[in-house]
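Please read the structure below before turning to the comments.
Residue numbers (the UniProt record's numbering): 1 to 288.
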């Protein structure tokens, strides 16, 4: 087993995501949109020329401008076997970022096993928003996105991983359940909370800042990048295809991960350990 998967299952997950990534890259080229692989996917591209061997997802980041254009125009030119979703296409969609995946497929991470929304097998698309030059402005922006992000999480589930002792844990759990059911009884859709989150994330989109971050993370500054670090992006091998990585990927990955070229010990090799995987009729099959 490889972090909860048989080697064959993990290989097919990676094959399927490579297929989606190839289509995404094709559409971005046709629409003249910029993107780069992000996080562990960028490490995989640089260190392994493909997936990190135990990885089971693909992360993409795009400037908000390109992200919005992709969602506006890509559906017209995507192959019919793919589905593109975010809160604009589905008011019950529970994430602040989008997904491009296969129709009639399912990929539910272990941590989301008790949530009532089914995600397709595909790649995650993260919009990048400006981080203001003022530390005070950033603190307000980050606090607002954190607040709306936590409400979005609690809209979906009252359960959280808490590393606090009893009886504080009981009190916190009771409060989380109260918030969850208050949101549900008020019939607040995820899309409404995401609208609030996005307003906070985009607060400085007309500023002069050249630093951009992913506000879906706990620490946007740690995962930030300047325009000069991101673009012009470089094209590199990724398995049997090619993808775009940041121009100065070393600065970005070193800031986020430290020594990203050293393979971690087995006990620190993590993935999503999906609780449910349905490949469906469109995901490619392994060649026996």
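Cβ atoms here follow ideal geometry from the backbone N, Cα and C, with glycine treated the same way.
With DSSP run on the structure shown, which of helix, strand or coil describes residue i?
i, result
"residue 106", "strand"
"residue 186", "coil"
"residue 121", "coil"
"residue 63", "strand"
"residue 291", "This structure cannot speak to residue 291, because the chain is shown only from 1 to 288."
"residue 213", "strand"
"residue 4", "coil"
"residue 53", "coil"
Express the C-alpha separation of residue j and residue i in angstroms, rounding to a whole number.
i, j, result
"residue 100", "residue 262", "30 Å"
"residue 179", "residue 158", "8 Å"
"residue 145", "residue 201", "6 Å"
"residue 129", "residue 230", "13 Å"
"residue 67", "residue 57", "19 Å"
"residue 259", "residue 219", "19 Å"
"residue 125", "residue 177", "30 Å"
"residue 135", "residue 53", "38 Å"
"residue 279", "residue 82", "12 Å"
"residue 181", "residue 175", "10 Å"
Does the distance from the C-beta atom of residue i to that of residue j stay below 8 Å?
i, j, result
"residue 86", "residue 71", "yes"
"residue 22", "residue 61", "no"
"residue 107", "residue 94", "no"
"residue 212", "residue 50", "no"
"residue 183", "residue 227", "no"
Buried or exposed: which applies to residue i, given that a residue is buried once 16 or more other Cβ atoms fall within 10 Å of its Cβ?
i, result
"residue 172", "exposed"
"residue 222", "exposed"
Just reading off the alpha helix (DSSP H) that residue i is part of, what are its end residues?
i, result
"residue 150", "135 to 156"
"residue 17", "7 to 31"
"residue 229", "227 to 230"
"residue 253", "249 to 257"
"residue 224", "Neither: residue 224 is in no alpha helix (DSSP H) and is coded neither H nor E."
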